[in-house]
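Before any comments, here is the structure.
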Amino acid sequence: MEVGPKFLLAALRKKIKDEGLCYSALSEKSGIPLSSIKRHLHNPSLGLDKVLLYLNYLNTDLIELANLANQLQHENEQMLTQEQSALFLEHPYLLDFIYMVTSRNLAPKEIAQMYGLTETSLRFYLRIAEMLGYVEDFGDGLFYRSGRRFLLEEGSALDSLFRERFQKESLSHNINPGICVGRIRLTDS
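Counting in my numbering, the sequence shown runs from 1 upward without gaps.
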């Protein structure tokens, strides 16, 4: 599985914390201005040279950082609970909305325009997403827990629903999509 830059940066920040350093101590140790360190450690397009520079000051290597990032990414994965599965089975469009906001990083207003949602419906969806822990509202704006994965229990009713939806969508086009999903039969034969 690929480890995204968000998790590599989170692993780097965790490693700094585990070493008992703060950003100002790292700034003194490395000679890099504090403002640059803060900007670097939250910039997903940070170059490999900078990552290696910080790793050098933390007495670690890229392999250890990648392993820690992979661990952090897997901590972000969780199976849907039975209650969530029942809710999403009854309202699959809610799971679609949460997926678009958290995994595809689409703005809620953009989703509302694409699907013709009213302002009331949008607030309703966002409130449910917040209650389920997928979105946090700080008053001045929303924070999306992006990258969160939706793991369905294989063979569950929700898994069957989404498998059927996927098959129907895949087979409805004249040209077959260039994807392969190992456990899903794309044809009836």
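By construction, the Cβ of each residue, glycine as well, lies at the ideal position given by its N, Cα and C atoms. All figures in this text were calculated on a predicted structure; none of them were measured in a lab.
Fill in: ARG127: first and last residue of the uninterrupted alpha helix (DSSP H) it sits in
Position 127 of the sequence shown, counted from the first residue, corresponds to residue 127. Note, ARG127: alpha helix (DSSP H), 119–131.
Worksheet item: Apart from the five residues just before and just after LEU87, which ones in its own chain have a Cβ nearer than 6 Å to its Cβ?
Response: If you number the sequence shown from 1, residue 87 lands on position 87. Closer than 6 Å at Cβ, skipping near neighbours: no residue.
Discussion item. To the nearest angstrom, how far is the alpha carbon of LEU46 from that of ARG104?
Written reply: Counting from one through the sequence shown, the residue named residue 46 turns up at place 46. Counting from one through the sequence shown, the residue named residue 104 turns up at place 104. Whole-angstrom Cα-Cα distance: 21 Å.
Worksheet item: Assuming LEU65 contacts LEU106 under a Cβ cut-off of 8 Å, what Cβ separation, rounded to an integer in Å, is found between them?
Response: Position 65 of the sequence shown, counting from 1, holds the residue named residue 65. Position 106 of the sequence shown, counting from 1, holds the residue named residue 106. The beta-carbon separation of LEU65 and LEU106, rounded to 30 Å, does not stay under the 8 Å limit for a contact.
Worksheet entry | Closest Cα partner of LEU53 within the set ILE16, GLU164, LEU171, ASN174 | Working through the sequence shown from its first residue, we reach residue 53 at position 53. Of ILE16, GLU164, LEU171, ASN174, the residue nearest in Cα terms is ILE16.
Discussion item. Would LEU62 and LYS14 qualify as a contact pair, given that the criterion is a beta-carbon distance under 8 Å?
Written reply: Translated into positions along the sequence shown, residue 62 becomes position 62. Translated into positions along the sequence shown, residue 14 becomes position 14. Contact: no.
Worksheet item: Does the separation of the CB atoms of TYR125 and LEU94 fall below 8 Å?
Response: Residue mapping note: residue 125 aligns to position 125 of the sequence shown, counting from 1. Residue mapping note: residue 94 aligns to position 94 of the sequence shown, counting from 1. Yes, the pair counts as a contact, with Cβ atoms nearer than the cut-off.
Practice prompt. Determine the direct distance from the alpha carbon of GLY133 to that of GLU110, and round the result to whole angstroms.
Written response: Residue mapping note: residue 110 aligns to position 110 of the sequence shown, counting from 1. Residue mapping note: residue 133 aligns to position 133 of the sequence shown, counting from 1. For GLU110 and GLY133, the distance between alpha carbons rounds to 21 Å.
Worksheet item: Within 10 angstroms of its Cβ, does PRO108 collect 16 or more other Cβ (buried), or is it exposed?
Response: Counting from 1 along the sequence shown, the entry for residue 108 is found at position 108. With 16 or more Cβ atoms within 10 Å of its Cβ, PRO108 is classed as buried.
Worksheet entry | Coarse secondary structure for VAL3, derived from DSSP in three states | Here the question's residue 3 lines up with position 3 in the sequence shown. If DSSP states are grouped into helix, strand and coil, VAL3 belongs with coil.
Practice prompt. Using only alpha-carbon positions, find the residue among LYS29, ASP49, THR81, CYS22 that is nearest to LYS38.
Written response: Counting from 1 along the sequence shown, the entry for residue 38 is found at position 38. For LYS38, the closest of LYS29, ASP49, THR81, CYS22 by C-alpha to C-alpha distance is CYS22.
Item to complete: State buried or exposed for LEU80, treating a residue as buried only when at least 16 other CB atoms are found within 10 Å of its CB.
Response: As a first step, residue 80 must be located in the sequence shown, where it is residue number 80. Label assigned to LEU80: buried.
Worksheet item: In terms of residue numbering, what span does the alpha helix (DSSP H) encompassing ASN56 cover?
Response: Taking the first residue of the sequence shown as position 1, residue 56 is located at position 56. ASN56 -> alpha helix (DSSP H) spans 48–57.
Fill in: Nearest-angstrom Cα separation, counted from LEU117 out to PHE97
Numbered from its first residue, the sequence shown carries residue 97 at position 97. Numbered from its first residue, the sequence shown carries residue 117 at position 117. If you take the alpha carbons of PHE97 and LEU117, they lie about 11 Å apart.
Worksheet item: Is it true that the CB of HIS40 sits closer than 8 Å to the CB of LYS29?
Response: Numbered from its first residue, the sequence shown carries residue 29 at position 29. Numbered from its first residue, the sequence shown carries residue 40 at position 40. For LYS29 and HIS40, no; Cβs fall outside 8 Å.
Practice prompt. To the nearest angstrom, report how far apart GLN82 and GLU153 are at their CA atoms.
Written response: Taking the first residue of the sequence shown as position 1, residue 82 is located at position 82. Taking the first residue of the sequence shown as position 1, residue 153 is located at position 153. Whole-angstrom Cα-Cα distance: 9 Å.
Item to complete: Pick helix, strand or coil for GLU154, following the three-state DSSP scheme.
Response: The sequence position of residue 154 within the sequence shown is 154, counting from 1. Reduced to three states, the DSSP call for GLU154 is coil.
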